[in-house]
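*Asks:* Residue numbers (numbering that gives the first Met the number 0), protein chains in the order written: chain B, 0 to 445; chain X, 0 to 203.
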Amino acid sequence: MVMGDKGGGTEAQQYVWGGAIPLQIHLHDSEVTTLPPPPPALVALFFYFVYLILAPRIGYLPLLVPQIKPFFSSSLPPGVDTVWFEYKGLPLKWGSFDLLCAEPERPWNLTIHFRGYPGNILTPCESEDSIKWSFINALKEAAYIINGNCKNIMNMSQPDQAELWRSVLNGMELYLDITKRLKKFTFVKALVPYALAAMLFIKNAVTCNLFPRPYKQSGDCSCTTYLSLLLFRLIALNFRSEVAGQLEVYLRVSSKLKLDIVGDDFSLKLNSSTSKSNQGVSDLDATGTTRTGRIPVRLYIRTIDEDTDDLEDVTAIGSWEKVSYINRPVEVHSEGKCFTLNGALKALLPELFTEASSTNAHTSGAEVEGGQRSDGDSSRSPGETGEAPSEHSRLPSDGAEIKLVRIQGIEPQLEIPFGWVVNNLMNPDHYLHICVYVKVLEPITI
Amino acid sequence: MVVSSDGTLSSTEFYFAASAFSEQWTKFNSALPQWSWVPSPKRPWIPHNQVNYVEEGYLSVENVILPKLNEIQNDGAGAHHYDFHVVYSASYRVPVLYFRAYCSVKLILSILGLYQLIIASSPDGQPLLLDDMEKDLPLNSVEQLTRSRRMFITQEEHPQLNRPWYTLHPCGTSEWMKLLLCNDASAAQVEGYLWTNTSSHGSQ
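1. Using the beta-carbon count (16 or more within 10 Å), is serine 121(X) buried or exposed?
2. According to DSSP, is threonine 7(X) part of a helix, a strand, or is it coil?
3. Just list the residues that DSSP pairs alanine 141(B) with in beta bridges.
4. Report buried or exposed for valine 15(B), applying the criterion of at least 16 other Cβ atoms within 10 angstroms of its Cβ.
5. Can you check which of these residues, Ile24(B), Ile401(B), Ser254(B) and Asn108(B), is closest to asparagine 151(B) by C-alpha distance?
6. Can the beta-carbon of asparagine 108(B) be found less than 8 Å from the beta-carbon of histidine 25(B)?
7. Looking at the unbroken beta strand (DSSP E) that takes in tryptophan 36(X), where does it start and where does it end?
8. Spell out whether any CB of chain B is found under 8 Å from the CB atom of glutamine 29(X).
9. Closest to tyrosine 101(X) by CA distance: which of Val63(X), Glu12(X), Phe20(X) and Ser59(X) is it?
10. Under 7 Å between beta-carbons, which chain B residues line up against arginine 42(X)? List them in chain order, please.
11. Across which residues does DSSP place proline 90(B) in a beta bridge pair?
12. For valine 439(B), which residues in the same chain have their Cβ closer than 8 Å to its Cβ, ignoring the five residues on either side in sequence?
13. Would you identify the three-state DSSP class for isoleucine 152(B), choosing helix, strand or coil?
14. Leaving aside the five residues before and after leucine 8(X) along the sequence, list all residues of the same chain whose C-beta is less than 8 Å from its C-beta, in chain order.
15. Assuming lysine 402(B) is part of the beta strand (DSSP E), what are its boundary residues?
16. So for serine 88(X), helix, strand or coil by DSSP?
17. Candidates Gly115(B), Tyr430(B), Ile433(B) and Val421(B): which alpha carbon is nearest threonine 9(B)'s?
18. Where does glutamate 156(X) sit, in a helix, a strand or coil, going by DSSP?
19. What is the DSSP secondary structure of glutamate 12(X), counted as helix, strand or coil?
20. List the residues of chain X that isoleucine 300(B) touches, going by C-beta distances under 9 Å, in chain order.
21. When you compare only the Cα positions, how much space is there between glycine 18(B) and serine 21(X)?
22. Can you tell me where the beta strand (DSSP E) with tryptophan 419(B) in it begins and where it stops?
23. Quickly, what does DSSP pair glycine 56(X) with across the bridge? List them, please.
24. With distance defined between alpha-carbon atoms, name the residue in Gln160(B), Leu75(B), Gly7(B) and Trp419(B) nearest to serine 29(B).
25. I'd like to know if proline 38(X) contacts chain B, where contact means its C-beta is closer than 8 Å to some C-beta of that chain.
26. Quick one: does threonine 122(B) have its CB under 8 Å from some CB of chain X?
27. Quick check on proline 21(B): does DSSP put it in helix, strand or coil?
28. So the candidates are Asp428(B), Pro427(B) and His432(B); which of them puts its Cα closest to the Cα of glutamate 410(B)?
29. Spell out whether any CB of chain X is found under 8 Å from the CB atom of tryptophan 319(B).
30. Note down the Cα distance separating proline 158(X) from asparagine 326(B), rounded to an integer number of angstroms.
31. Taking serine 59(X) as the reference, which of Ser18(X), Pro43(X) and Gly6(X) has the closest Cα?
32. Can you tell me the Cα-Cα spacing of leucine 116(X) and asparagine 341(B), whole angstroms?
33. Return the first residue and the last residue of the alpha helix (DSSP H) that asparagine 119(B) is part of.
34. Can you tell me which of the three DSSP states aspartate 159(B) falls into?
35. Using a threshold of 8 Å, state whether the C-beta atoms of isoleucine 130(B) and leucine 22(B) are closer than that.
36. Is tyrosine 430(B) close to chain X, meaning its C-beta is less than 8 Å from at least one C-beta of that chain?
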């Protein structure tokens, strides 16, 4: 188990499970068939055509559909619905928030579609059952990577499987429930005009300084946006503790699968003997104890070729062709040695690191470009790379640098031990999702 | 080269196994559509050349028309075309079969597609739904398929093309490869891996 674990997960795990993204969901213009009477105010518009929801970061977007659909159903044309989501023209594949918004957009403005499912781009996700199976399949794959087989998942008892899925699902439902409860408060609606007036006042008087930076919208920062964000903050604060309960259930069932990568803050130790468990899964011990030294990772790489240091200026992704993504395990060889996030990225993307060549050919120092150090790279001046610390930016030979590494909405230091990152920031399917933004200094000529 | 005792392959071994397989195929099935090695599309920053500078890619045979086993099913909708890709899975360290099918006549299947979710517009025809593909399979396979469908045939993203394809779930591959290999030591050559693999898929 993870160090410092008191049954309810580490602080970082609680952060991940309690993390939520405010969504503002719009109905696509082409799918609106009935217009309600012209709304007298922004508020009306806000309540009819935009659906606000707080979605847990680790959840699955399609699970929101049953909640969202009734909201829009009156405006929909008759027929069969196949629901999908779009962000600035791009059909959404996964919970791809980290990847799509360079500078986190709050709330995340998504468009919902009920027609014209892009089946050649998206894998269908028709029901809760199919989402559950894709979760189980991902878990199976992760188990195979970690243990060399997926018997623990195949042999998981029905109650355990159900409970594990419920724990993932419940986190989602908790939030939905909260949103619903909030909607029922009629006094909230009654308060809206007053709140709006107050927000307008605040906005003009304090010139947005009241709000933390991520909540500042560079473009259209409407009052409703501010109001909704305020509501979201209230919700998030109140219910983080409830989500912690779900995390506890998840950790309890998940521990039976013996997928934990035992490690402390400094090394990833691959345990070869797990103590016998008394939780009725002793038949799994024979298969659950070998460790392959591999860690399941999904890596998303986005290339930014704009000449900008400000991530707010980065344009939206037009198509999935612009994103490289792979599902490739990271092999941990250096047992006992400190294996950092940086080391993991280096193993996955050797082309982005030149240190590998400089350590291999230590004697031929003349070949190493100026400014490159064999390790640490700490001697470069921090001002050189703008707001990012110098450790985050390394110059490979063809003029590209890692601009940003984001995991679960966090931008971790690359010096953090990889074991800590995996144990604390992985998704419930035991995959670590890493988003990497690469800035190209010269145009790529591939 | 000898296959490792756990029934898995490295990506380099996969390349050799694939080359050997397509050679053998040409030798014995020259009348049938041929398998070819397709290099992976280049993706920025992702290492393209794997260990030993073996080109990353996958085995592919496309536009295969399967002889219908049950002629009654032929509703005049045109032949069913199949694309098969064998892609290496770094997670499972085994080859994985991906497939999709489409019909040369658009209309019939696009109506079907309206009430099923697996619809897409492909330039050369409508992709088939899994239900339609089942009609192309022998009866006992269909029974097995419906029983274990969720576990073994899934629609997933093609790891190289990033489009939805059907796949045979690879989690059991290394297990029964291990079983087959320990029965027949002579088969335990990397070059024969894909032969053993495909024939056991067929007999399952």
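Every residue, glycine too, gets a C-beta built ideally from N, C-alpha and C.
*Replies:* Result, derived from the coordinates:
1. The pLDDT assigned to serine 121(X) is 33, lower than 50, so where the model puts this residue is not dependable; a value taken from the coordinates is nonetheless given after this. By the neighbour-count rule (16 or more Cβ atoms within 10 Å), serine 121(X) is not buried but exposed.
2. coil
3. DSSP, once it has assigned bridges, lists no residue as partnering alanine 141(B).
4. Buried: at least 16 other Cβ atoms inside 10 Å.
5. Ser254(B)
6. yes
7. 35-38
8. For the sequence presented, residue 29(X) should be read as serine rather than glutamine. It does not: the Cβ of serine 29(X) has no partner Cβ on chain B nearer than 8 Å.
9. Val63(X)
10. Ser323
11. Beta-bridge pairing by DSSP links proline 90(B) to Glu85(B).
12. Thr302, Ile303, Asp304, Gly398 and Ala399
13. helix
14. Val2, Ala16, Tyr87, Arg92, Val93, Pro94, Val189 and Tyr192
15. 399-405
16. strand
17. Val421(B)
18. Three-state result, glutamate 156(X): strand.
19. Three-state result, glutamate 12(X): helix.
20. Arg42, Pro43, Trp44 and Ile45
21. 50 Å
22. Unbroken run through tryptophan 419(B) is the alpha helix (DSSP H), 417-424; no beta strand (DSSP E).
23. Pro38(X)
24. Leu75(B)
25. Not flagged as an interface residue toward chain B: proline 38(X), since no C-beta distance is shorter than 8 Å.
26. yes
27. strand
28. His432(B)
29. The C-beta of tryptophan 319(B) comes closer than 8 Å to at least one C-beta of chain X.
30. 8 Å
31. When C-alpha distances from serine 59(X) are compared across Ser18(X), Pro43(X) and Gly6(X), the shortest belongs to Ser18(X).
32. Residue placement at leucine 116(X) is flagged as unreliable, the pLDDT there being 26, under the threshold of 50; a coordinate-derived value is accordingly withheld.
33. Unbroken run through asparagine 119(B): none, as it is neither H nor E.
34. Looking at aspartate 159(B) - three-state DSSP - the assignment turns out to be helix.
35. No, the Cβ-Cβ distance between isoleucine 130(B) and leucine 22(B) is not below 8 Å.
36. no
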